[in-house]
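Peer 1: Chains as they are written, first to last, in my numbering: chain S, 1 to 112; chain V, 1 to 110. Structure incoming, see below.
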């Protein structure tokens, strides 16, 4: 399935590194999301973009910086992360109007 | 109170069994409801949307009780391939935040 594509699939980074996660959706949706899934915890919403504007930010630390250049692409820029930021980062897209969200395969991030 | 709560599980059932999962939500303004399944180390995938009148898709039946703010998922004739974590998801009207429950782990045993 290639509806929502995330790269890279796996990432190991040091606490002083800067990296970016990329998400691309081919479904013609107008909303995109970043979720974080830590071990044994529910998915946590990080950011929502609708029509390329950020509409929700659930008090995410500034070391995570999203970017949405157009309705098909979403980035998550990472810098000076902490080991507790190690998790599965999932991108999703949907069409606003209460329809379901489709997820990418995620980026498994390990901060060392 | 958490926004979405689910049976803690895990559920270990034999093949062919019927199993039911329960979910409650706290936001009475929620308008859209879904069940997702998530396999180990994979992304969540939509299993079915949940409609007010209830809906069925093969061996899967979803029910919604708005008055009690309760959603259920029934799986009949369980298969080994049904083993996964089942996530209850709600969204408020006009909202853009899919709120996920913690999930209930199901293991179907041979």
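Ideal Cβ positions, reconstructed from N, Cα and C, are used throughout, including at glycine. In this text, all values refer to a predicted model and were calculated from it rather than measured experimentally.
If the cut is a Cβ gap below 9 Å, which residues of chain V does residue 105 of chain S touch?
Peer 2: 42 and 43, listed in chain order.
Peer 1: Residues bridged to residue 3 of chain V by DSSP?
Peer 2: Residue 3 of chain V is not bridged to any residue.
Peer 1: Return no unless some Cβ of chain V is closer than 8 Å to the Cβ of residue 113 of chain S.
Peer 2: Nothing about residue 113 of chain S can be read from this structure; chain S reaches only from 1 to 112.
Peer 1: What's the call for residue 78 of chain V, buried or exposed, on a 16-neighbour Cβ count within 10 Å?
Peer 2: It counts as buried.
Peer 1: Around the Cβ of residue 14 of chain V, are there at least 16 other Cβ atoms within 10 angstroms (buried) or fewer (exposed)?
Peer 2: The residue is exposed, with fewer than 16 neighbouring Cβ atoms inside 10 Å.
Peer 1: Residues of chain V with CB closer than 7 Å to the CB of residue 96 of chain S, please, in chain order.
Peer 2: Those within 7 Å of residue 96 of chain S in chain V are 96.
Peer 1: Count the other C-beta atoms from every protein chain shown that fall within 10 angstroms of the C-beta of residue 20 of chain V, then say buried if there are 16 or more, exposed otherwise.
Peer 2: Per the 10 Å Cβ criterion, exposed.
Peer 1: Check the Cβ-Cβ distances between residue 151 of chain S and every residue of chain V, and say whether any is below 8 Å.
Peer 2: Residue 151 of chain S falls outside the range modelled here, since chain S spans only 1 to 112, and no answer is possible.
Peer 1: Put residue 14 of chain V into one of helix, strand or coil per three-state DSSP.
Peer 2: Residue 14 of chain V falls in the strand class under three-state DSSP.
Peer 1: Select from S:105, S:111 and S:53 the residue whose C-alpha is nearest the C-alpha of residue 3 of chain S.
Peer 2: The option with the nearest alpha carbon to residue 3 of chain S is S:105.
Peer 1: Shortest alpha-carbon distance to residue 88 of chain V belongs to which of V:63, V:107, V:40 and V:16?
Peer 2: Cα-wise, what sits closest to residue 88 of chain V is V:63.
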